[in-house]
DNA sequence: CGCTGAGTTGAAAAGATTCAAATTCAGTGG
DNA sequence: CCACTGAATTTGAATCTTTTCAACTCAGCG
């Protein structure tokens with residue numbers, strides 16, 4: 012793929028690995044279990060863009076936005092870190108994304124040298140990291156085409172669907188979504204303005220697909236319709 | 012990052028690694044040098060979406076489009092494979108992207124079992140693959156925000172800039188770009204329609220930034236202006 | 001009880017898509 | 001070698017979507 016080898020000022024990845032599943036990442040879990048805890052308040056950063064990568068983190072509780080700043084004050088949110096997620100991984104020496112807490116957040120911090128040691132001691136861990144990061148790439152691609160070629164309503168539906176599936180995977184209610192992030196964060200994630208996000212949520216409510224009691228609590232009332240918005244690439248669902 | 016752990020039908024990554032640089036991937040090069048050659052014609056596939064991952068490929072000459080199909084016949088082009096690029100890598104058993112030749116293309120084919128053997132014999136190789144894929148992820152993120160929050164003219168400038176840098180990195184003329192792909196391919200890559208791509212190229216020509224003698228040959232006449240279009244919103248942290 | 005920041009909503013403007021037509025280009029067969 | 005055919009490209013005009021700018025509501029908090 013040409014893009015990476017061209018990118019001269021390519022942005023630094025922090026590489027976000029998912030939380031190890033049941034049969035993966037035992038070593039990581041083991042190391043992390045003994046790692047130190049750190050608490051950060053809303054608005055504080057786990058790490059800043061450009062900061063040296065000293066630790067990798069596992070989110071114990073709370074939520075973070077992973078973003079890159081643009082020159083003109085705008086920013087691109089690349090993802091969110093929720094409890095169970097690993098953040099801050101990557102091959103480079105510095106983070107090129109920042110991780111800012113959206114609510115009070117607790118992190119486990121594993122020093123990078125220790126991670127490297129673990130990898131050296133256990134080559135299988137490298138393969139796991141590789142798998143995890145290739146998942147991450149797959150996800151980035153998934154998000155890419157769900158954003159680049161779709162309308163606002165489809166993007167928002169995609170976003171809600173992902174959160175719903177995440178709940179499901181964790182045994183939480185897939186029909187009730189708690190949003191720790193603002194409309195602006197969602198917009199920066201989906202490539203929309205905050206007004207469009209708000210309007211689109213209102214539109215989904217008008218269609219009866221969702222229910223918005225509080226602005227940060229979304230009830231999904233018609234999961235099928237949402238899924239169709241995401242899956243059907245161009246059949247309008249009115 | 013939540014997205015990956017949610018994605019239920021997450022798309023399969025083929026993981027696209029870049030061509031090994033001067034000091035990287037010697038083992039890969041070594042193995043590939045003895046790998047078998049395969050030629051494919053325009054429109055043929057190196058591998059189809061969903062096909063089992065039997066080989067990884069190095070593009071010797073030619074060009075391919077790496078894409079995923081959408082339900083309704085549209086597709087998302089995730090990248091292009093040019094000579095020197097490695098394609099088809101990834102942790103999963105099947106490709107979830109297809110790789111279709113844009114012009115007559117020659118590939119080196121390295122069987123996956125052999126790659127695994129090489130990794131086992133040389134743990135350092137795994138680290139290199141990890142680095143390479145984290146670069147790939149960084150690139151995907153780069154592309155992501157260059158597409159999701161920008162106008163057509165900025166997207167096209169970004170595209171041309173990348174190709175220009177690629178030429179530069181390879182000792183080719185950074186001011187002359189040969190496009191092996193159609194306007195539709197570019198559009199599918201940038202999240203635009205082919206008409207918009209065409210119009211935007213015409214606009215860049217009208218501004219005097221580029222020169223289009225033939226539709227597949229672009230001369231960059233004002234590299235600074237193009238760079239400003241790209242950088243206007245994204246200020247790199249380095 | 002007024003502030004402040006987040007969210008919602010409206011209206012005008014900008015930008016991209018869609019549909020349609022014209023033009024260029026490449027490859028084929030005469 | 002040239003005309004023909006189909007594909008790729010360009011361009012135009014109408015339409016649709018999203019953004020922008022602005023006003024307004026609401027909840028939390030000093």
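Protein chains in written order, with the working numbering: chain A, 12 to 249; chain B, 12 to 249. By construction, the Cβ of each residue, glycine as well, lies at the ideal position given by its N, Cα and C atoms. Note that the coordinates shown come from a computational prediction; the quantities given were computed from them, not determined experimentally.
Contacting residues, own chain, Cβ-Cβ under 7 Å from residue i (five flanking each side not counted)
i                     : result
residue 240 (chain B) : 164, 165 and 168
residue 14 (chain A)  : Below a pLDDT of 50, predicted positions are generally treated as unreliable, and residue 14 (chain A), at 37, falls in that range; the measurement from the model is reported next regardless. Within the same chain, residue 14 (chain A) has no close Cβ partners at all.
residue 8 (chain B)   : Since the first and last residues shown for chain B are 12 and 249, residue 8 (chain B) lies out of range.
residue 33 (chain A)  : Residue placement at residue 33 (chain A) is poorly supported in this model, since its pLDDT is 34, which falls under 50; the coordinates are not used for a value here.
residue 120 (chain A) : 46, 47, 49, 66 and 68
residue 104 (chain B) : 63 and 64
residue 227 (chain B) : 189 and 190
residue 81 (chain A)  : 87
residue 219 (chain A) : 232 and 233
residue 158 (chain A) : 166, 201 and 202
7 Å Cβ cutoff met for residue i and residue j
i                     : j                     : result
residue 250 (chain A) : residue 102 (chain B) : In the structure displayed, chain A extends from 12 to 249; residue 250 (chain A) sits before or after that span and is not available.
residue 151 (chain B) : residue 106 (chain B) : no
residue 200 (chain A) : residue 88 (chain A)  : yes
residue 281 (chain A) : residue 205 (chain A) : Because chain A here runs from 12 to 249, residue 281 (chain A) falls outside it and cannot be looked at.
residue 56 (chain A)  : residue 111 (chain A) : yes
residue 74 (chain B)  : residue 114 (chain B) : yes
residue 68 (chain A)  : residue 99 (chain A)  : yes
residue 97 (chain B)  : residue 148 (chain A) : no
residue 155 (chain B) : residue 155 (chain A) : yes
Residues near residue i by beta carbon distance below 6 Å, same chain, minus five either side
i                     : result
residue 72 (chain A)  : 94 and 117
residue 215 (chain A) : 221
residue 53 (chain A)  : 112 and 114
residue 41 (chain A)  : none
Cutoff 8 Å; reference residue i; Cβ partners in own chain excluding five residues on either side
i                     : result
residue 264 (chain A) : Here chain A comprises residues numbered 12 to 249, so residue 264 (chain A) is not present and cannot be evaluated.
residue 209 (chain A) : 194
residue 207 (chain B) : 163 and 198
residue 181 (chain A) : 95
residue 79 (chain A)  : 22, 60, 86, 87, 89, 107, 108 and 109
Whole-angstrom C-beta distance between residue j and residue i, which should lie under 8 Å
i                     : j                     : result
residue 134 (chain B) : residue 44 (chain A)  : At roughly 25 Å, the Cβ-Cβ gap does not stay under 8 Å, so residue 134 (chain B) and residue 44 (chain A) are not in contact.
residue 144 (chain B) : residue 144 (chain A) : 5 Å
residue 109 (chain B) : residue 59 (chain B)  : 5 Å
residue 229 (chain A) : residue 188 (chain A) : 4 Å
residue 171 (chain A) : residue 237 (chain A) : 6 Å
residue 85 (chain A)  : residue 160 (chain B) : 7 Å
Check: residue i C-beta below 6 Å from any heavy atom of the ligand PLP
i                    : result
residue 38 (chain A) : Among the components of this structure there are no ligands whatsoever, and the ligand PLP is therefore not found.
Tell me which residues of the region 126-150 of chain A have at least one Cβ-Cβ distance to chain B shorter than 7 Å, keeping chain order.
Those would be 134, 137, 138, 140, 141, 142, 144, 145, 146, 147, 148, 149 and 150, in chain order.
Give me the subset of the region 191-204 of chain A whose CB atoms are less than 7 Å from a CB atom of chain B, sorted by chain position.
For the region 191-204 of chain A, which is checked against every Cβ of chain B, the residues closer than 7 Å are 202.
For a minimum of 4 consecutive residues, which ranges assigned as the alpha helix (DSSP H) are wholly contained in the region 117-180 of chain A?
Segments of the alpha helix (DSSP H) lying fully in the region 117-180 of chain A: 123-132, 134-159 and 163-180.
Check each residue of the region 152-163 of chain A: if its Cβ is closer than 7 Å to any Cβ of chain B, include it; give the result in chain order.
In summary, the residues of the region 152-163 of chain A whose CB is separated from some CB of chain B by less than 7 Å are 152, 153, 154, 155, 156, 158, 159 and 160, in the order they occur in the chain.
If the cut-off is 9 Å on Cβ atoms, which residues from the region 98-127 of chain B count as contacting chain A, listed in chain order?
Cβ contacts with chain A: 98, 100, 101, 102, 103, 107 and 108.
Cβ-based contacts, 7 Å cut-off: residues of the region 86-97 of chain B near chain A
Listed in sequence order: 87, 89, 90, 91, 92, 93 and 96.
Ignoring anything shorter than 3 residues or poking outside the region 198-244 of chain A, list the beta strand (DSSP E) runs there in chain order.
If we require 3 residues or more, the beta strand (DSSP E) runs fully inside the region 198-244 of chain A come out as 221-223 and 228-231.
Any chance you could list the beta strand (DSSP E) runs of at least 3 consecutive residues sitting entirely within the region 36-115 of chain A, in chain order?
Qualifying beta strand (DSSP E) stretches, in chain order: 47-51, 56-58, 66-80 and 86-93.
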